[in-house]
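Trainee: Handing you this structure, nothing more for now.
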Amino acid sequence: MLIEVKNLLRLTGAYVRKSDVMRVGELLINLTSREVSAEGTRIKLAPREYDLLLFLACNPEQCFTREMLLDMIWGHQFDGGDRTVDTHIKSLRERIRPYNSYITMVWGYRYKFSVHFGN
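So, in structure tokens, the structure goes:
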């Protein structure tokens, strides 16, 4: 899967390779160690938060419903509620907020990752 992500990122031009690190705005996402940092500070993420961040960062400016994110991140077999996505997105936003507001809510309960500057 790591190879597929790298290939997708290269095709879209969003991937800057430096020892398997993807730079998105101020965030550095290490695809090998599954670590995220910004301004030299490691941002501690839960596994699903990391998966959400990577998926959204690989698909910038695209809107995803809760159901779409559940399917892509948790898989078809997940039988929990769609509010799970909201909980993880909220936590992820809080962790990366000091560096930028990358994840936005779009009217109609959709989430989008945007690389913009300023909070």
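Per this note's numbering, residue -5 is the first one in the sequence shown, and the count goes up by one each step.
Note that the Cβ used here is the ideal one computed from N, Cα and C, for glycine as well.
Computed from a predicted structure; not experimentally measured.
Less than 6 Å between C-beta atoms, sequence neighbours within five positions excluded: which residues of the same chain meet that for Asn24?
Mentor: Taking the sequence shown and counting its residues from 1, the one referred to as residue 24 is at position 30. Around Asn24: Val15.
Trainee: Assuming Leu86 and Glu43 form a contact by the criterion Cβ under 8 Å, report the distance between their Cβ atoms to the nearest whole angstrom.
Mentor: The count along the sequence shown starts at 1 and reaches residue 86 at position 92. The count along the sequence shown starts at 1 and reaches residue 43 at position 49. 5 Å between Cβ atoms; contact.
Trainee: The alpha helix (DSSP H) that contains Lys84, what's its start and end?
Mentor: Taking the sequence shown and counting its residues from 1, one reaches residue 84 at position 90. That run of the alpha helix (DSSP H) goes 77 to 90.
Trainee: In the DSSP assignment, what are the bridge partners of Cys57?
Mentor: Residue mapping note: residue 57 aligns to position 63 of the sequence shown, counting from 1. BP columns for Cys57 point to Lys106.
Trainee: Determine the burial state of His70: buried for a count of at least 16 other Cβ atoms within 10 Å of its Cβ, exposed for fewer.
Mentor: Numbered from its first residue, the sequence shown carries residue 70 at position 76. Exposed is the call here.
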